[in-house]
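Residue numbers (our numbering): 353 to 676.
Structure representation (structure tokens):
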């Protein structure tokens, strides 16, 4: 452990997956921040990486600092004032992606600055960083360390008016049907289709079998809501709509999510993306959900236009920052 001389917050750096006690502390911190801010401060992939017992120490680093009352005995303390998680490609920590969260009770006390400085000293200035919700404190912290916005990921939400009215029925291309994902049968075909559909997407297109299986092990996974569009003649997978249900949490109601919609290159231009989106929304409505959201890159004009036509409106934004 080393203490940043400019702050009162000593930083502990862990390489690889944290132990179960530390992981519980991180989850409690993230839950407190999400309840206060209305945004989950850590991405799903980051949580998957933190839970993985096989996390590579060169690819996952966790920087943490303890709440004030716990500083005297860090070996037994659980309460965290803040944490930063850096996920990096093999052998290149300076090219990683950072997520940083400060407990609501310890904000505006130098915690974020201490964590950001520790990461910078450890890796240099090459990392990128997500700001989920892009709150004012995150904007100020990014500016202080010479970072600028390079990507926007919108959260869009289906308006109550659009959700309550009848949506058009999915219009499938001739010879194409929609069925549910079948565990033990469809994993390899889906991974191939996903990689093709998102060949230029920095996160989704890189999904591995381990990533898929980690999500299938989550409590929220429901194969009935993982819709596949297949060609009847040969069973080829042409597209998919994976839905997700976020359970009620604190003051936030249960919410459905258009988790990921993808269409393979050979099936693009047939209206399959719209048909799959409508089918997934209807599945969520039939499950009793009265709130539906999605994430989409702000510069994906065709997707944004489609979602707006269906009644989605911009709700919030995540911003990725990079060093200038």
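Even glycine gets a Cβ: it sits at the ideal position worked out from N, Cα and C.
Beta-carbon proximity list for residue i, same chain, < 6 Å, skipping 5 on both sides
i, result
"residue 389", "485"
"residue 524", "627"
"residue 449", "439, 480"
"residue 360", "none"
"residue 676", "498, 500"
Own chain, CB closer than 8 Å to residue i, minus 5 neighbours either side, in chain order
i, result
"residue 629", "593, 610, 613, 658, 659, 662"
"residue 441", "411, 447, 448"
"residue 407", "368, 369, 401"
Given residue i as reference, the closest of the options once Cα atoms are compared
i, options, result
"residue 531", "478, 588, 457, 570", "588"
"residue 477", "490, 487, 496, 462", "496"
"residue 641", "631, 447, 605, 567", "605"
"residue 654", "638, 567, 620, 471", "620"
"residue 365", "461, 474, 397", "474"
"residue 633", "622, 578, 676, 379", "578"
"residue 403", "553, 625, 570", "570"
"residue 471", "643, 413, 488", "413"
"residue 637", "617, 515, 504, 554", "515"
"residue 512", "675, 415, 665", "665"
"residue 555", "378, 379, 674, 396", "396"
Counted within 10 angstroms of its Cβ, other Cβ atoms place residue i as buried (16 or more) or exposed
i, result
"residue 635", "buried"
"residue 469", "buried"
"residue 537", "exposed"
"residue 376", "exposed"
"residue 392", "buried"
"residue 549", "buried"
"residue 595", "buried"
"residue 371", "exposed"
"residue 546", "buried"
"residue 572", "exposed"
"residue 582", "buried"
"residue 522", "buried"
"residue 563", "buried"
"residue 560", "exposed"
"residue 466", "buried"
"residue 529", "exposed"
Cβ neighbours of residue i in the same chain (closer than 7 Å, five flanking residues each side left out)
i, result
"residue 355", "Here residue 355 scores only 46 on pLDDT, less than 50, and its place in the model is too uncertain to base an answer on."
"residue 490", "483"
"residue 456", "384, 385, 388"
"residue 622", "525"
Beta-carbon separation (whole angstroms), residue i vs residue j, contact threshold 8 Å
i, j, result
"residue 575", "residue 534", "7 Å"
"residue 607", "residue 645", "6 Å"
"residue 435", "residue 381", "6 Å"
"residue 507", "residue 669", "7 Å"
"residue 453", "residue 433", "With a Cβ gap of about 10 Å, residue 453 and residue 433 do not count as contacting."
Paired residues, beta bridge with residue i - DSSP
i, result
"residue 529", "582"
"residue 404", "Answer is none; residue 404 lacks a bridge partner."
"residue 469", "Note: residue 469 sits in no beta bridge, so no partner."
"residue 378", "Paired residue(s): none; residue 378 is not in a bridge."
"residue 592", "580, 614"
"residue 598", "607"
"residue 505", "649, 670"
"residue 560", "None; residue 560 has no bridge partner."
"residue 511", "Residue 511 pairs with nothing; no bridge assigned."
"residue 433", "The partner list for residue 433 (beta bridge, DSSP) is empty, contrary to what the question assumes."
"residue 416", "364, 435"
"residue 482", "451, 672"
Near the ligand ATP: residue i beta-carbon under 7 Å from a heavy atom
i, result
"residue 562", "With respect to the ligand ATP, the structure offers nothing, as it holds no ligand at all."
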